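The structure appears below as structure tokens.
In the working numbering, the protein residues as written are 1 to 388.
Okay, here's the thing in structure tokens:
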């Protein structure tokens with residue numbers, strides 16, 4: 001068992017792994033892991049679950065001001081969903097390059113959606129010579145008629161370069177609390193070294209204005225050979241990106257073989273991948289821990305064995321007052337919903353709720369309920385409310 005040896009709160013729990021989108025192999029000695037565990041799975045949950053609807057490989061969701069939801073399906077559909085689970089397909093969605101981990105990705109509302117009706121979405125598009133990459137675009141969501149549609153779709157950001165393979169697109173989107181900046185998670189595309197290459201935006205978090213232009217105060221604007229959009233680097237596969245109540249940006253990302261991370265994202269910081277990690281390569285090759293290279297930012301929480309994280313929110317609702325300020329992370333391989341608690345800049349896994357299905361996405365509803373999307377075919381949307 002690798003020892004992180006840093007002032008981090010590490011929750012260690014043996015989990016089983018399935019094949020599929022980023023299902024990590026635990027490859028670990030479960031006896032030692034269980035002996036060191038400081039968190040146990042919780043079967044008696046403090047919430048009730050209510051199924052709202054089911055989808056074909058759902059990936060992301062967001063709430064409209066009127067309480068309806070937008071849900072992306074990986075093969076290239078966008079669904080408008082009401083509180084009773086009635087679905088209406090939205091037209092005008094771009095053609096996606098579907099396969100592997102690729103397809104339709106995130107969907108978020110523009111900060112001024114109430115007046116602009118603009119939405120931001122991410123997807124994978126094909127390139128030349130069997131290459132592909134993620135892109136982010138924005139469009140007007142027209143709900144005025146009987147047939148909802150996206151109109152005037154415009155691409156504002158592209159992964160560079162497009163490469164072969166079908167993994168680690170990441171393409172998560174988050175707006176800063178003031179609505180001034182757009183942050184995008186860009187995965188390393190399973191190519192390793194580009195995460196440290198400043199001429200590439202793979203393995204990075206980028207910061208843009210909402211129209212896709214680059215702020216002049218980005219940390220690498222004046223660095224020769226660096227893409228000016230880069231905000232942080234050394235990331236692997238970012239599948240959660242969210243701001244906390246203090247306005248701090250956090251991301252969670254898949255580690256290689258174990259070593260999933262929750263990171264406090266700092267301006268210009270390097271998180272070390274693939275030079276350091278709390279996991280190892282799938283072929284068994286060792287990767288030095290973050291503690292061996294203090295110049296790299298270490299995760300605030302790392303998971304060994306893997307949880308295979310999917311989705312990230314910070315809870316602020318009134319239905320679960322004891323959880324205000326906590327983060328919630330979906331677990332794919334761990335088939336769980338994980339609560340993380342915070343004390344200043346430190347964090348630890350506080351609860352692990354076993355859901356018996358891979359959890360792809362987590363969102364907070366307008367009423368303070370927690371909504372989750374199960375991964376895969378017939379993935380359900382579940383609404384979590386306090387146990388009566």
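Ideal Cβ placement from N, Cα and C applies to all residues, glycine included. Note that this is a predicted model, so its numbers are computed, not measured.
Quick one: measure Cβ to Cβ for residue i and residue j, integer angstroms, because I've assumed they're closer than 8 Å.
i	j	result
residue 235	residue 216	Not a contact, Cβ separation roughly 23 Å.
residue 317	residue 362	No, residue 317 and residue 362 are not in contact; Cβ-Cβ is about 13 Å, not under 8 Å.
residue 106	residue 173	5 Å
residue 85	residue 134	About 29 Å separates the two Cβ atoms, so there is no contact after all.
residue 47	residue 385	6 Å
residue 190	residue 167	4 Å
residue 299	residue 263	5 Å
Quick check on residue i: buried or exposed, where buried means 16 or more other Cβ atoms within 10 Å of its Cβ?
i	result
residue 325	exposed
residue 253	buried
residue 387	exposed
residue 91	exposed
residue 171	buried
residue 381	buried
residue 322	exposed
residue 237	buried
residue 267	exposed
residue 371	buried
residue 169	buried
residue 375	buried
residue 188	buried
residue 16	Only weak support is given to the placement of residue 16: the predicted model assigns it a pLDDT of 34, under 50, and the value that follows is read from those uncertain coordinates. When all chains shown are included, residue 16 counts as exposed.
residue 194	buried
residue 378	exposed
residue 258	buried
residue 75	exposed
residue 273	buried
residue 279	buried
residue 164	exposed
residue 333	buried
Alpha carbon to alpha carbon, how far is residue j from residue i? Give it in angstroms, no decimals.
i	j	result
residue 246	residue 348	18 Å
residue 327	residue 315	6 Å
residue 302	residue 145	47 Å
residue 291	residue 115	48 Å
residue 110	residue 161	27 Å
residue 289	residue 271	11 Å
residue 77	residue 367	26 Å
residue 269	residue 358	31 Å
residue 119	residue 183	14 Å
residue 223	residue 139	32 Å
residue 185	residue 255	15 Å
residue 308	residue 181	28 Å
residue 199	residue 225	6 Å
residue 285	residue 304	16 Å
residue 124	residue 100	11 Å
residue 176	residue 108	12 Å
residue 79	residue 61	9 Å
residue 240	residue 296	20 Å
residue 121	residue 72	9 Å
residue 102	residue 330	19 Å
residue 87	residue 151	20 Å
residue 369	residue 45	14 Å
residue 260	residue 68	32 Å
residue 403	residue 148	Residue 403 lies beyond the stretch modelled for the chain, which goes from 1 to 388, so this question has no answer here.
residue 313	residue 242	6 Å
With DSSP as the reference, identify every bridge partner of residue i, one or two as the case may be.
i	result
residue 257	280
residue 90	78
residue 120	108, 138
residue 363	371
residue 302	261
residue 270	233
Are the C-beta atoms of residue i and some chain B residue less than 8 Å apart?
i	result
residue 303	No chain B appears in this structure, which consists of one protein chain only.
Exercise. Would the segment 153-168 and the segment 206-216 be scored as touching if the rule is three or more Cβ pairs under 8 Å?
Worked result: yes
Exercise. With a cut-off of 8 Å, do at least 3 Cβ pairs link the segment 349-359 to the segment 331-339?
Worked result: yes
For this session: Report yes or no: do three or more beta-carbon pairs, one from the segment 43-57 and one from the segment 114-133, lie closer than 8 Å?
Result: no
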